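Quick note on numbering: this note's numbering labels position 36 of the sequence shown as 33, and the sequence is numbered without any gaps.
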Amino acid sequence: MSTKKLKRSSTNVLIAGVCAGFAEYFNQDPTVWRLGFVFFLLITGLMPGLLMYLIAWILLPQSA
């Protein structure tokens, strides 16, 4: 039995591969995650979203 692991993408990277990593984990298009993240930034303000992205960048390992 194979378990999926959440990792940053190493192939579909714009900044750090965080949104693409989430998209790969949930089998979705990375553009949807990127647009959702931008929408989240606009709604909550810049600092909470950037802090969340930075934490994900640090905690998620990069895929091989």
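Yeah, the Cβ is synthetic: ideal placement off N, Cα and C, and Gly gets one too.
Just so we're clear, the structure is a prediction, and the values are computed from it rather than from any experiment.
Asked                                                                                        : Found
Per-residue burial, S7 [other beta carbons within 10 Å of its own, 16 or more giving buried] : exposed
For L11 and L43, the rounded distance between their alpha carbons                            : 18 Å
Rounded C-alpha distance that separates V15 from A53                                         : 7 Å
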